[in-house]
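For reference, the structure is listed below as structure tokens.
Chains as they are written, first to last, in the numbering used here: chain A, 747 to 859; chain B, -1 to 114.
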């Protein structure tokens, strides 16, 4: 079945550091891939998405590239801020119209001033 | 962008009582809504999928008689936790989508339920 594996946290970085959160997936066909962010006490917000191979999703300085050959969708940001502290979820959705989103386990990110 | 609201944001209830949580799509019509449960420091677990005007589809292991879902209109779905017990305490999140194979799910802010 479909699944998403992302690096375990917590990840703690200093402000302005480079961020990578790894995510790999297993799926039949060509799923859409997502990164969601959850700030403390809140629901999920869509951060970025990519719907086909080699697409790059980007938002708020975050980027992720859909790599079919490595079945990966790693999240990167060149210079993190304290306000980026949150839990990040990698997710996939297969293309059938009745499908649901499969979430990874989440990675907690803490940024030190 | 599309906005999904949930009400209430927090609720505390006594064991044995029922609690209703509302999920509304504020500026779009949602053909499908999803209900998730999230335990502390864990990922989201899909509980059920509901389509307007039809019965909800529950995931394996989710008791449909305990978690009643009603998708009465294209902008409103409700989750009722019946005869709540302390182990039902959790963060419940809904999402809504407009349909189609490339649809984006928009998530509500969540409802924190505490059963005493």
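C-beta atoms are modelled at their ideal positions from N, C-alpha and C, and glycine is treated no differently. Bear in mind that the values here come from a model prediction, so they are computed numbers and not experimental data.
Kindly say whether residue 849/A, judged by its beta-carbon, lies nearer than 8 Å to any beta-carbon of chain B. yes
In the DSSP output, which residue or residues are listed as bridge partners for residue 826/A? For residue 826/A, which the question treats as bridged, DSSP gives no partner whatsoever.
Which first and last residues belong to the beta strand (DSSP E) in which residue 748/A is found? No beta strand (DSSP E) holds residue 748/A; DSSP gives it neither H nor E.
Listed by chain order, chain A residues near residue 102/B by CB distance under 8 Å: 792, 795
Assumed close pair residue 10/B, residue 76/B - CB separation to whole angstroms, cut-off 8 Å: About 19 Å; that fails the 8 Å criterion.
Span of the beta strand (DSSP E) around residue 819/A: Looking at the DSSP string, residue 819/A is not in any beta strand (DSSP E), and its letter there is neither H nor E.
For a cutoff of 8 Å on Cβ pairs, would you count residue 76/B as touching chain A? no
What are the start and end residues of the beta strand (DSSP E) that includes residue 37/B? From DSSP, residue 37/B is part of no beta strand (DSSP E); its letter is neither H nor E.
Closer than 8 Å by beta-carbon distance: list the chain A residues that pair up with residue 91/B, in chain order. 789, 790
Unbroken beta strand (DSSP E) runs of length 3 or more, entirely within the segment 69 to 111 of chain B: which are they? 74 to 79, 88 to 95
So, using beta-carbon positions, are residue 828/A and residue 854/A closer together than 8 Å? no
Same chain only: Cβ atoms within 6 Å of residue 762/A, ignoring 5 sequence neighbours per side: 825
Would you mind stating whether residue 840/A and residue 777/A have Cβ atoms separated by less than 8 Å? yes
Once the 5 residues before and after residue 758/A are set aside, which same chain residues still bring their CB inside 7 Å of it? 856, 858
Please decide whether residue 51/B counts as near chain A, where near means a Cβ-Cβ distance under 8 Å. no
Against chain A, does residue 96/B count as a neighbour if the rule is that its beta carbon must be under 8 Å from one of theirs? no
Which residue from 112/B, 3/B, 70/B puts its Cα closest to that of residue 25/B? 3/B
Quick one: what's got a C-beta closer than 6 Å to residue 94/B's C-beta in the same chain, skipping five residues either side? 2, 23, 28, 31, 104
Output, in chain order, the set of chain A residues within a Cβ distance shorter than 7 Å of residue 47/B. 846
Can you tell me where the beta strand (DSSP E) holding residue 759/A begins and where it ends? 757 to 760
Are the beta-carbon atoms of residue 750/A and residue 771/A separated by less than 8 Å? yes
Just how far apart, CA to CA, sit residue 799/A and residue 84/B? 45 Å
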